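Protein chains in written order, with our numbering: chain A, 257 to 437; chain B, 163 to 321.
We put the CB at the ideal spot given by N, CA and C, even for glycine.
Because the structure is a prediction, the values reported are computed rather than measured.
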Amino acid sequence: MKFFIPLAAFGALVALLLFGLGNDPKAIPTPFIGQPAPAFSLPRLYKPEQKISTEDMKGQVWVLNLWASWCVSCRAEHKVLSRLIAETKIPTIGLNYKDYGTEDYGDEALQWLASLGNPFYAVAVDTNGSAGIDWGVVGVPETFVIDKKGIVRYKFTGPVYDQAVDEILIPLIEKLRKEEG
Amino acid sequence: MHTRLLKSFLVALLFALSINASFAVKIEFHDFKTKQQEQLYLQLVAELRCVKCQNQNLAESNAELAKDMRDKTYEMVIKGATRADVVGYMTARYGDFVLYKPPFKAKTLLLWVGPPIFLFLSLFMLFKLIRGQKNQPKESLSEADRNSVRELLASNAKK
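This is the structure in C-alpha cells:
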C-alpha cells in the first residue's frame with residue numbers, strides 16, 4: 257500500500273504524457289463544423305468585374321480551398337486536389353489568399369495556374385486576407401467541404417494527400433450529395 | 163577591485179539588454195482616440211494567442227497572421243468594440259484555443275479547478291506527514307538495555 261499510491265500516480269502521469277505525444281498541436285479544432293459557412297463576396301481572378309460569393313454555391317455540395325502562389329505546400333497539394341475535383345466533379349472555389357494584387361506577389365497567381373493547371377470552378381481573390389480570417393485561416397492550404405444547406409461539414413488543414421482524398425473526402429462528398437438540400 | 167566589479171556588472175547588464183532586444187518584435191504604431199481604447203487594445207493583444215506560433219500572444223508574435231489579427235483587433239477597438247466583442251469575434255473563428263485565458267465551463271473545469279485541488283491535496287499530505295512524525299512513539303530503552311549501557315560505561319571508566 258505504501259508504494260501503490262506513488263506508483264499509481266506515476267502510471268497516470270506516464271499515461272497522460274503518452275496521450276499528449278499522440279496529439280497534433282497544429283490541429284486546432286475549428287468551431288465552424290456544423291455552422292453556416294462564413295459569407296464572402298469577392299472579385300473573380302479572371303473576371304475581376306464579376307464577383308463570386310458563398311450565396312452562388314447554395315443548393316449543392318462544394319469545396320473551398322485556400323491557396324496562394326507563395327505557399328509551397330499548395331504546390332505539392334495541387335495535383336492531388338486536381339484529381340479530387342476531376343473524379344468527383346465537385347465545384348471548388350479556390351480562395352487566393354493574400355497573393356494576387358498584393359505588393360509582393362503581383363500576378364504570380366496567374367502564372368501559377370497557367371503552369372500547373374486550373375482545376376477551380378472559380379478563383380476568388382482575397383487580397384487583404386479578410387475573408388481568410390473570417391474562415392479562421394491558420395495557414396494555407398486549408399480545404400473545407402460545405403453541404404447543400406451551406407453548412408461547413410469538414411475541414412482539412414494542410415495539403416490534402418491521396419489517402420485522405422480516397423478515404424475521407426470522396427466518401428464524404430458522396431454522402432453529402434445524397435442528403436436533401 | 164571596485165571598478166572590476168562594476169565592469170563585470172555592466173557587461174552582464176549589456177548582455178541581458180541585448181538578449182531582450184533580440185526578442186523584441188516590431189509592432190505597428192496605432193493612433194487611439196482615447197486612453198481606454200489604447201488600454202483595451204494592449205490588453206487584448208496580450209490576451210489573445212497567435213494561432214500560428216502557439217506559444218506567443220498576438221503582441222509578441224511577428225507572424226503574418228498575428229499581424230492581421232492585431233490589425234483586426236485595432237480596427238474593431240477604434241470602432242468602439244468592447245472586449246467581449248473582439249473576444250467573441252476571435253473565438254467564433256478560432257475557438258477557445260485563441261484565448262490564453264480560457265472561459266470557465268464544463269470542458270475547461272479540470273483546467274481551472276485542477277491546480278488548486280492539487281495544491282490543497284499536497285498541503286494536506288504534507289501536514290499529515292509532519293503530524294505523523296510528531297506522534298511517533300518515542301523509543302524508550304528497556305531496563306536490560308540500560309544495564310548493558312551502564313556496564314559498558316563502567317568498563318570504560320576502569321581503563
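Residue nearest to residue i in terms of C-alpha spacing, selected from the options
| i | options | result |
| --- | --- | --- |
| glutamate 328 of chain A | A:Glu430, A:Phe275, A:Leu432 and A:Gly414 | Note that residue 328 of chain A is valine in the sequence shown, not glutamate. Comparing Cα-Cα distances from valine 328 of chain A to each of A:Glu430, A:Phe275, A:Leu432 and A:Gly414, the minimum goes to A:Gly414. |
| glutamate 209 of chain B | B:Met231, B:Lys241 and B:Arg293 | B:Met231 |
| glutamate 323 of chain A | A:Ile429, A:Glu430 and A:Ala387 | The sequence as given places tryptophan at residue 323 of chain A; glutamate does not occur at that position. Here the closest residue by C-alpha is A:Ala387. |
| valine 319 of chain A | A:Gly385, A:Gly267 and A:Gly406 | A:Gly406 |
| lysine 258 of chain A | B:Asn224, B:Leu291 and B:Asn219 | B:Leu291 |
| valine 401 of chain A | A:Gly278, A:Glu436, A:Asn321 and A:Trp368 | A:Asn321 |
| alanine 246 of chain B | B:Lys267, B:Leu202 and B:Ala268 | B:Leu202 |
| threonine 358 of chain A | A:Lys345, A:Phe288, A:Glu343 and A:Gly385 | A:Gly385 |
| threonine 196 of chain B | B:Leu288, B:Val239 and B:Leu285 | B:Val239 |
| serine 371 of chain A | A:Leu298, A:Ser297, A:Arg331 and A:Thr310 | A:Arg331 |
| histidine 334 of chain A | A:Glu398, A:Glu436, A:Ala268 and A:Ala264 | A:Glu398 |
For residue i, the three-state DSSP class (helix, strand or coil)
| i | result |
| --- | --- |
| asparagine 219 of chain B | strand |
| tyrosine 262 of chain B | coil |
| valine 275 of chain B | helix |
| proline 292 of chain A | strand |
| glutamate 436 of chain A | coil |
| glutamate 398 of chain A | strand |
| isoleucine 240 of chain B | helix |
| valine 345 of chain B | Coverage of chain B is limited to positions 163 through 321, which leaves residue 345 of chain B absent and any answer about it impossible. |
| lysine 290 of chain B | helix |
| threonine 413 of chain A | strand |
| isoleucine 261 of chain A | helix |
| isoleucine 284 of chain A | coil |
| leucine 272 of chain A | helix |
| leucine 303 of chain B | coil |
| alanine 225 of chain B | coil |
| lysine 431 of chain A | helix |
| aspartate 390 of chain A | helix |
Opposing strand residues paired with residue i [DSSP bridges]
| i | result |
| --- | --- |
| leucine 210 of chain B | B:Leu261 |
| valine 379 of chain A | A:Gly350 |
| isoleucine 407 of chain A | A:Pro292 |
Own chain residues within Cβ distance below 8 Å of residue i, not counting five before or after
| i | result |
| --- | --- |
| serine 184 of chain B | Confidence at serine 184 of chain B is low in this model, with a pLDDT of 43, below 50, so its placement is unreliable and the value that follows should be read with caution. Nothing meets the Cβ criterion. |
| alanine 186 of chain B | The predicted model places alanine 186 of chain B with a pLDDT of 45, which falls under 50 and marks its position as unreliable, so this point remains unresolved. |
| tryptophan 326 of chain A | Asp355, Asp360, Tyr361 and Glu364 |
Spatial neighbours of residue i in its chain, beta-carbon cut-off 7 Å, leaving aside the 5 residues before and after
| i | result |
| --- | --- |
| serine 338 of chain A | Gly373 and Pro375 |
| asparagine 352 of chain A | Leu301, Trp323, Ala324, Ala365, Val379, Ala380, Val381 and Asp382 |
| aspartate 418 of chain A | Val336 |
| proline 262 of chain A | none |
| tyrosine 256 of chain B | Val213 |
| threonine 286 of chain A | Gly392 and Lys411 |
Residue i beta carbon near the ligand MG (any heavy atom closer than 7 Å)
| i | result |
| --- | --- |
| asparagine 279 of chain A | Here there are no bound small molecules, and the ligand MG is not part of this structure. |
Same chain only: Cβ atoms within 6 Å of residue i, ignoring 5 sequence neighbours per side
| i | result |
| --- | --- |
| leucine 206 of chain B | Thr235 and Val248 |
| glutamate 270 of chain B | Per the sequence presented here, residue 270 of chain B reads as threonine, with glutamate not at that position. Cβ within range, chain order: Pro264. |
Q: Could you tell me which uninterrupted alpha helix (DSSP H) segments, each at least 4 residues in length, are contained entirely in the stretch 296-376 of chain A, listed from first to last along the chain?
A: Listed in chain order, the alpha helix (DSSP H) elements of length 4 or more contained wholly in the stretch 296-376 of chain A are 328-344 and 364-372.
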